[in-house]
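Beneath this line is the structure, given in structure tokens, with notes to follow.
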């Protein structure tokens, strides 16, 4: 996070793969879900990504099963498939939506077991649980204040090496709840990073509101904003207010992100339409 914000005035912090998914997630999916490689390369050039890099990245993503490819003469088009649509839907939900309902004081616990020989699977389990908002309470034991057990089941339905025990439970009181939250998540560091994000973007809100950016610059700014912000859901479990430390900046940062994202939408989409229209779509 620190490095991404320090490199704000350059594109070194934005990985080509991430740019591809953000372009598809925020723009191309709403324009039929398919784009010609020439148009995609034109959009990627805004971020200093050359044609050859775009071709390599898209070839790899297709081989990994994230995109389908088709040919029309010499033109190659890339399309979202069911797997990538699911990824984008889950990502959008975690990035844009926050739980605002009162907490019922229940914890949802996942205890996993993976054979020692499957270390790669174990690492994947930890990352997936973190993405779903679970934190490590103890070895192989993750908890969340939100009922996402069904999502856990769905995520690991095809992982025969993973055994899951899932429980609903309550602690002896709010003091214990807060201690558990502090053990599971580094809230102080997370809060500091939220404040850093606010310091970076709040001064720009007036220009966003005034419509001072060109369509191209709006796309670049909106993509960078999304890139900087979407790392937080991996770290932020969206805790109930009862479990948050004092002067928590997370909700202020989220509200700022949503407003900025909305303000930059129209001009950014205008530029995407100009580029895609000039280069052709499928």
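Numbering (our numbering), first residue to last: 189 to 470. For every residue, glycine included, the Cβ atom is placed at its ideal position computed from N, Cα and C.
Worksheet item: Helix or strand or just coil, what does DSSP make of residue 260?
Response: strand
Worksheet item: Residue range of the alpha helix (DSSP H) that residue 357 falls in?
Response: Where residue 357 is concerned, there is no enclosing alpha helix (DSSP H), although the beta strand (DSSP E) it sits in stretches over 351-357.
Worksheet item: Residue range of the beta strand (DSSP E) that residue 330 falls in?
Response: 329-332
Worksheet entry | Euclidean distance between Cα positions of residue 458 and residue 311 | 41 Å
Worksheet item: Any idea if residue 389 is buried or exposed, counting beta-carbon neighbours within 10 angstroms, 16 or more meaning buried?
Response: buried
Fill in: residue 297 - containing beta strand (DSSP E), residue span
295-301
Item to complete: Return helix, strand or coil for residue 459, following the three-state DSSP convention.
Response: helix
Practice prompt. Would you tell me roughly how many angstroms separate the C-alpha atoms of residue 302 and residue 329, rounded to the nearest one?
Written response: 12 Å
Discussion item. Let me see if you follow: with CB-CB separation under 8 Å, is residue 310 close to chain D or not?
Written reply: Going by chain labels, chain D is absent from the structure shown, which holds only one protein chain.
Discussion item. Going by DSSP in three states, residue 441 sits in which element: helix, strand or coil?
Written reply: helix
Worksheet item: Pick from 465, 438, 461, 451: whose alpha carbon is nearest that of residue 283?
Response: 438
Practice prompt. Find out if the Cβ-Cβ distance for the pair residue 229, residue 208 is shorter than 8 Å.
Written response: no
Item to complete: Determine the extent of the alpha helix (DSSP H) in which residue 400 is found, giving its start and end residues.
Response: That residue, residue 400, is in no alpha helix (DSSP H); it is neither H nor E in DSSP.
Worksheet entry | the region 304-322 contacting the region 334-347, beta-carbon criterion three pairs below 8 Å | yes
Worksheet item: What does residue 288 pair with, by DSSP beta-bridge criteria?
Response: The partner list for residue 288 (beta bridge, DSSP) is empty, contrary to what the question assumes.
Discussion item. Here's the rule: buried if 16 or more other CB atoms are within 10 angstroms of the residue's CB, otherwise exposed. What is residue 406?
Written reply: buried
Discussion item. Determine whether the beta carbon atoms of residue 265 and residue 205 lie at a separation below 8 Å.
Written reply: no
Fill in: Of the listed residues 420, 227, 294, 410, nearest to residue 361 (C-alpha basis)
294
Discussion item. What does the Cβ neighbour count give for residue 240, buried or exposed, with the cut at 16 atoms within 10 Å?
Written reply: exposed
Fill in: Cβ distance (whole Å) where residue 357 is taken to contact residue 297 below 8 Å
6 Å
Worksheet item: Does the separation of the CB atoms of residue 307 and residue 213 fall below 8 Å?
Response: no
Worksheet item: Taking C-beta to C-beta, are residue 386 and residue 441 nearer than 8 Å?
Response: yes
Worksheet item: CB-CB under 7 Å to residue 245, same chain, minus the five flanking residues each way: which ones, in chain order?
Response: 204, 205, 208
Practice prompt. Can you tell me which of 448, 236, 418 puts its alpha carbon nearest to the alpha carbon of residue 397?
Written response: 448
Worksheet item: Is it the case that the Cβ atoms of residue 410 and residue 456 are separated by a distance below 8 Å?
Response: yes
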